[in-house]
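66 is the number that full-length UniProt numbering gives to position 66 of the sequence shown; each next residue is one higher, with no gaps. Here the structure is laid out as structure tokens; the discussion comes afterwards.
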Amino acid sequence: MPHKRQGSLSSFFLTNSKRPSSEDSVTKNTDEFKPHLRQEPVQLITNALFENKSLTCLRVHHAYLSEQATLSLFAAVRQLLSQQLRELSLEKLNISCLPQTLEGFREALARTKSLERLTLLNIRERAHAWMNALNVGLTGLLANSSVTSLKMDTSYQYYHDGSKVLNDFLANTVTLAELHVYCSSDCSSDRSLDLVFEALATNRTVKRLTLRKFSVKDMKPFRQLLDVNKILEDVSFYASPHAGIEKTPASCQVPEQHVQTIVEALKRRTSLRRLALDWNCTPSTVYRLLVASSGSPSLRELHLGEVIVDYIDSLRWAFINVRTDVAVTAARCISTNGTLNELIPFWTSQDKESCVHCLYSVNLKDVSRALSSHRGDYLTSLSVVLGKHSTLTTVHALALYLASTHKLQELQLRLESVPQNLQQVLFAGFQRNVSLERLCIFGTENLCIPENMQQVLFSWMADSKRLYSINVKMHCYDTKHMLEVLASSQHRNHVLTSLAFSKTWADQSVLETNLKMVRRNRKLLRFAAAFVHGSMDKRAAHAYSVAALHPQLSEVVQRIGCCGRDVARLLISEATLRLQFWQLTGIVKNKITCLTPPTPRQVQFDDFKPEFGILNRIASFLKVGDVLDDDELQDCASEYPYLEDADTGACGRAVRRKRLVL
């Protein structure tokens, strides 16, 4: 095995938390630190950052910084911007604003050649200033030629020439491709959103626009923007309340004038490929938007907020009579009359005690297919309610569905006073499920689950290879039993990373064991992600060998590496090959030899045909823990005791050598 190289810190995340958390650890590629932000630690951190020459990602969130800490932080930022920093995120900070501090920040942004992603959100200056950090940042970006993604709020509008600065930047930038704008807490002007659209009218680089928390009074300025801007490909409206409308049940639907404006915009042949509207819609609204999209051939994705499906034919009609090459998804899909019960074979809307309450993040075309044909495995999320009068047919159908589905990833199950014979049927379905990743079970006070049935359910939770999130609200005794079963699985469960429960009678030792297991699994994910990003640390190799198939690995790789989904998938596939090579180089370096077979004969590797795959044979036999590094050879001790205390098997202490026979 090659000598371990001393890795350099490439990412640093600093946030303020309610209490220190021991779950956060250091890998060769990532440092996550969540301390109490007192002045002395902040000063130490900023001093260390100032000396770092290789940091590529810095995120500082949720911090109250003194005058000295503010000076130190911005001095470190200026230094890093002159090196190789690729991502800078300053969010929810309370700083002591000094003119010289912001001026240096502006100059650093103007000169940097490495910065690609910049976030300036909710930065509050305690001293009155004629410009805030965002305004200064935008001024610096006027001369910048490297930033491709900017995330900002609307606080710039309340300072001198703020709108003019944004207009000038967007009109002259040659690199910016993504713009994310958040309506700040004091954003009350009806013109706030219009000013953003006006600034984008002359832009020729931004392809992705995300707008959050704006009060949308009129969509006409957006339509006018699409008329003149033929570069925008991806536009999203999220958490957008409708201005001037009281929050009553009747007002939950999107205003008709908004729908009509978007319909008119789509008919005018826009450049949009993706449009996300956080609206509450009906199938008729979906139909109108799809019909209008025929005038915009480029549109491929339409994402909506909540879609109410009370009649099967209305949703099916929307996809039969219009173009079918647009993917339409809904953040939530609900029904008020039991229509969604048809998604599970043998369920009917007549069973009033059982219902499919909601679907999350679903493709509406898949929902339409499932409702129409009662065949196919389409759903990825499901919210179900079972009552005391639920029929055996209904519960048996749900159990069969859970046992057979390969698509369902999230289940929210509300159990009322379900009879014990039906509980047995239901939990038998869980036993055979292989797809669930997130599970919520909420039981009423009257729910009583026999201990033998609890054992069936909780053992499946502990042994599942994909269930990483558990959230339960049950009787204190039931929760105690669940925690005990999970604790007993600590040496084999490397998946669980999120565990939430209400009250429990479990012992403190059981609680601590579960907490350590969850934290250890999170560490394994971060170490595995570090290996994906190129770490040569043996801890990272151990972690990847354990967590390579974890459902969250791709997400963690994207987060710590500041990369997209496609890049993460490519890196993960390459990491598997690199792990095998890592094992094989370790064999050669430490001279691991084969035992003599029963009928000895001398064979050279060169004598084997290439298709025999002798090296692949060796790699598939070995685990990372079988390869000793130099330190272990010298003192026969592990260099990672703090990880191995939790799980020796996961972290690879080479206690017993495996035998390899060819």
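For each residue, glycine too, the CB sits at the ideal point set by N, CA and C.
From the DSSP output, in three-state form, read off residue i for me.
i    : result
G295 : coil
D278 : strand
S192 : helix
G561 : helix
A250 : With a pLDDT of 41 at A250, under the threshold of 50, the modelled position of this residue cannot be trusted, and the question is left open.
E306 : strand
H406 : coil
H160 : coil
T550 : First, the amino acid is wrong: residue 550 is His here, not Thr. Looking at H550 - three-state DSSP - the assignment turns out to be coil, as it is neither helix nor strand.
S184 : coil
L118 : strand
V165 : helix
W317 : helix
V322 : coil
S509 : helix
T261 : helix
Q83  : coil
H172 : Looking at the sequence itself, residue 172 is Asn, so the reference to His does not match. If DSSP states are grouped into helix, strand and coil, N172 belongs with the helices.
H36  : Note on H36: pLDDT 41, under 50, position unreliable in the model; the coordinate value appears next. Note: H36 maps to coil in three-state DSSP.
N135 : helix
I344 : coil
T112 : coil
N52  : coil
N521 : helix
T70  : helix
T154 : coil
A255 : Note on residue identity: the sequence assigns Pro, not Ala, to residue 255. The answer is coil: DSSP assigns P255 none of H, G, I, E or B.
N144 : coil
T576 : helix
Whole-angstrom Cβ separation of residue i and residue j, contact assumed at under 8 Å?
i    : j    : result
S271 : L232 : 6 Å
L525 : H550 : 6 Å
Q552 : Y468 : 6 Å
L398 : V418 : Not confirmed; about 11 Å, so no contact.
K322 : L290 : A quick correction: the sequence has Val, not Lys, at residue 322. About 4 Å separates the two Cβ atoms, so the contact holds.
F197 : V216 : F197 to V216, Cβ: 11 Å. No contact.
L93  : L115 : At roughly 18 Å, the Cβ-Cβ gap does not stay under 8 Å, so L93 and L115 are not in contact.
A462 : V434 : That pair is no contact at about 15 Å.
N52  : S72  : 13 Å between Cβ atoms; not a contact.
P283 : L315 : 4 Å
V286 : T329 : Not quite, the Cβ-Cβ distance comes to about 11 Å (not below 8 Å), so this is no contact.
S502 : T479 : 7 Å
Taking 7 Å as the cut-off, decide whether the C-beta atoms of residue i and residue j are in contact.
i    : j    : result
A530 : A540 : yes
I334 : I308 : yes
S381 : Y360 : yes
N337 : C355 : no
R273 : R300 : yes
F105 : F74  : yes
T112 : R86  : no
L166 : L138 : yes
S149 : Q157 : no
E445 : Q409 : no
S296 : L266 : yes
G429 : M474 : no
A568 : Q580 : no
S155 : S184 : yes
G140 : L118 : no
A171 : T202 : yes
V510 : L496 : no
T405 : D366 : no
V425 : H389 : no
Which residues does DSSP list as the beta-bridge partners of residue i?
i    : result
G534 : Answer is none; G534 lacks a bridge partner.
R94  : With the sequence shown as reference, residue 94 is identified as Asn, and Arg is not the correct amino acid for it. BP columns for N94 point to Y64 and R124.
I334 : I308 and C358
Q412 : S383 and C440
A327 : E301
I269 : Checking the sequence, you will find Arg at residue 269 rather than Ile. Paired residues: none, contrary to the question.
E178 : S149 and R208
Using beta carbons (cut-off 7 Å, strictly below), is residue i in contact with chain D?
i    : result
I572 : Looking for chain D here will not work: only one protein chain is present.
Complete beta strand (DSSP E) runs within the segment 362-393 (minimum length 3 residues, chain order): 381-386
Ranges of the alpha helix (DSSP H) found wholly within the segment 418-503, counting only runs of at least 4: 420-431, 451-463 and 476-488
Uninterrupted alpha helix (DSSP H) stretches inside the segment 202-241 (no shorter than 4 residues): 220-228
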